[in-house]
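One structure below.
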Amino acid sequence: MNEEMHQVIAVARMAASLILSNGGETYRAEEPAVHIGRTFGFDIDVIALPTGLTMTVRHGEESATSIARVSSRTTDLARLERVNAISRALESRDMALDEARRELERLSRPAAARVGLSAAAGGGSAAMFALMFLGDGFDMLAAGLISAAVQAVLCFLPDQEGMPLTCLIGGFLVAALSLAVVLLCGMGDADRIILSNMMPLLPGLAFTNAIRDSMHGDMVSGGARICDAVMRAVILATGAGIAMLAFLRIGGGNAWWM
């Protein structure tokens, strides 16, 4: 295998893996790999799945196969945009392979936890959901503060690929804190606050990507993503259910429905 083929394989594999691990659809992970190969005169056949990809690169009589495992999945639209920008720069020959590889390696490194940004985004979205669910000012304030606190806590949990630890603890904290706030303050709608706080934690993008993969004909990937999204939602609800059951066991039912 010549050096240029080795470089093309490495860059195409990293670009596709980054798209898969940061919330992109499987067919969108395949497209940059194919385009990168064609730009440099190679034919690339790639099959992407939510947990990995396989690609074969051919040039004349020479061929090579590469396999990549995607063990961590999150949602980072900024990284997706950067990977697509690198792919377009390679296709237009505005970036060399070496430079693209260095940039993709930089994007592959774990990003520092952005606690403040995550808390602000979670708090703001939960407050707006409370307003959408016809909550009053207290419901909005409680939902916003609780969601910000939960998001901050989740930033410090070890990477569990979004489940089960993160979803379980997230659902438990949302319900427990919401019920505690209503009990201590003697006001607010616990159900509305819990529902508003659950919304930012639900795997909406994962479910949307599953539908898009299925509509694109990638039935295996679509089915796997749907199962993943449903499982996350079930684990999230289980965590909330545990907190509610514990609240009822300690005699908090009267405060819940007051």
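Residues 40 to 297 in my numbering are what the sequence shown lists, from first letter to last.
Backbone N, C-alpha and C define an ideal beta-carbon position, used for all residues, glycine too.
Looking only at its own chain, which residues have a Cβ that is under 8 Å from the Cβ of residue i, when we skip the five neighbours before and after it?
| i | result |
| --- | --- |
| Asn248 | Gly62, Gly63, Glu64, Arg264 |
| Asp137 | Gln46 |
| Met44 | Phe81, Val96, His98, Glu101, Ala103 |
| Pro89 | Leu59, Thr65, Val109, Arg112, Ser260, Ala263, Arg264, Asp267 |
Tell me, please, which residues DSSP counts as bridged to residue i.
| i | result |
| --- | --- |
| Val122 | BP columns for Val122 are empty, so no partner. |
| His98 | Glu101 |
| Val85 | Met94 |
| Arg108 | Gly91 |
On the criterion of 16 or more Cβ atoms from any shown chain inside 10 Å, does residue i qualify as buried, or is it exposed?
| i | result |
| --- | --- |
| Thr104 | exposed |
| Ser186 | buried |
| Arg77 | exposed |
| Ile58 | buried |
| Arg132 | exposed |
| Asn41 | exposed |
| Arg218 | Reading off the sequence shown, one finds Leu at residue 218, where the question assumed Arg. It counts as buried. |
| Glu69 | buried |
| Gly243 | exposed |
| Cys206 | buried |
| Leu143 | buried |
| Arg67 | buried |
| Ala135 | exposed |
Give every residue of the same chain whose Cβ lies closer than 6 Å to the Cβ of residue i, excluding the five residues on either side of it in the sequence, and list them in chain order.
| i | result |
| --- | --- |
| Met29 | This structure cannot settle anything about residue 29, because the visible part of the chain is limited to 40 through 297. |
| Pro71 | Ala54, Ser126 |
| Ala166 | Met179, Ala182, Gly183 |
| Val220 | Ala181 |
| Gln190 | Ser157, Ala158, Gly161 |
Just to confirm my understanding: we take residue i, look at its own chain, exclude 5 residues before and 5 after, and list those with CB closer than 7 Å. What are they?
| i | result |
| --- | --- |
| Pro203 | Ile274 |
| Phe177 | Met226, Gly227 |
| Pro239 | Gly161, Ser164, Ala165, Ser186 |
| Arg231 | Ala169, Phe172, Gly174, Asp178 |
Touch test, the stretch 259 to 274 against the stretch 67 to 85, Cβ-Cβ under 8 Å, three pairs minimum: no
Sequence ranges, alpha helix (DSSP H) only - wholly within the stretch 241 to 284, length at least 4: 243 to 254
Inspect the CB distances between the stretch 142 to 149 and the stretch 165 to 172 and report whether three or more fall short of 8 Å. no
Quick check for students: name the residue ranges of the beta strand (DSSP E) that lie wholly in the stretch 121 to 190, counting only runs of 3 or more. none
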